[in-house]
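Okay, structure first, notes after.
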Amino acid sequence: PSPPLPHSSARLHNTKYYLLMLAADRLLLQSSIKDQAVKLKSKELDLYERNYGEIGLQSSVLASCAVVAMVELHVPEHVPPFVQMCFNISCILCLAANLNTIASTTTVTVLGSSLALRGPDGSMFRSVEAMNKERRTIFIYFGCGVIFAHFMAIAAAFVKMRPETAIAAACILSLSLYNILSSTRERFNKFWFTDQETIDFSDLWEVGPSARPDQLNRMKIDGVAGGNENSRSNV
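The numbering of the sequence shown is full-length UniProt numbering, which starts it at 1 and goes up by one.
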């Protein structure tokens, strides 16, 4: 039979064992939290993809309306040149803004999902943050497309309608545009939050497989040092 371990050596052995168990439990807890964070970011990625897809779809409808208005709408000869110029320019601006929206939503969705699924470790968080930063630009493009669509409709009213009817239509469209802008501003203020208030899981993601041996070694070293100090104090 092996000789019994001294009291200090047995205590040191038990301390190292408990420290290793605590380190393993800690890493298991961090891994589970990390998995939950990845699931939350995956849901956020799907949310951005759906939202940007809807915005791109609406922009494609507005861009189609602008193209149809330029190609199919016949401008009578008695229409003043200034009205014709306003109509043509508003059609071009509406088309350009909505095409920029379509291009932005398409590139952000395709590149963001590709980075999240095929990128290196931590790409899910990086992709979601990048898609979140592109939100303001996409909203500006889409808002400009809606505004220019109203201008195009007002100009088309003066092209195709009698003056009194065109004025009434212009007033209705102006009220519609004002209502959209004011209500959108109220909604932005209602749902607005700063970047400091955003939940961030980057500190959890830094705990990766490469960090685990170092953590275990550090726990071992600390345990050995603590055990040596205890043995010295007992002596």
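In this text, a Cβ means the ideal position worked out from N, Cα and C, and glycines have one as well.
Residue i versus residue j: straight-line alpha-carbon distance, rounded
i           : j           : result
residue 159 : residue 173 : 15 Å
residue 32  : residue 182 : 45 Å
residue 128 : residue 44  : 7 Å
residue 118 : residue 35  : 17 Å
residue 28  : residue 47  : 29 Å
residue 193 : residue 185 : 14 Å
residue 166 : residue 189 : 34 Å
residue 39  : residue 109 : 18 Å
residue 23  : residue 30  : 10 Å
residue 68  : residue 154 : 16 Å
residue 53  : residue 105 : 7 Å
residue 122 : residue 49  : 19 Å
residue 144 : residue 126 : 28 Å
residue 236 : residue 175 : Outside the shown range of the chain, which is 1 to 235, sits residue 236, and nothing can be said about it.
residue 76  : residue 139 : 36 Å
residue 142 : residue 152 : 15 Å
residue 79  : residue 107 : 41 Å
residue 163 : residue 180 : 25 Å
residue 37  : residue 25  : 18 Å
residue 161 : residue 196 : 52 Å
residue 100 : residue 191 : 25 Å
residue 171 : residue 88  : 20 Å
Close Cβ partners of residue i (< 6 Å) along its chain, the five nearest in sequence each way excluded
i           : result
residue 150 : 173 and 177
residue 98  : 59, 62, 63 and 145
residue 20  : none
residue 169 : 157
residue 70  : 91
Proximal residues to residue i (C-beta, below 7 Å), its chain only, five neighbours per side dropped
i           : result
residue 18  : none
residue 147 : 177
residue 42  : 124
residue 120 : none
residue 51  : none
Inter-residue CB distance, residue i and residue j (contact presumed, cutoff 8 Å)
i           : j           : result
residue 93  : residue 156 : Not confirmed; about 14 Å, so no contact.
residue 112 : residue 131 : 5 Å
residue 116 : residue 95  : Rounded, the Cβ-Cβ distance is 32 Å, inconsistent with contact.
Cutoff 8 Å; reference residue i; Cβ partners in own chain excluding five residues on either side
i           : result
residue 114 : none
residue 102 : 56, 59, 60 and 63
**Study point:** Sufficient close CB pairs (3 or more, under 8 Å) joining the segment 128-135 to the segment 74-84
**Key:** no
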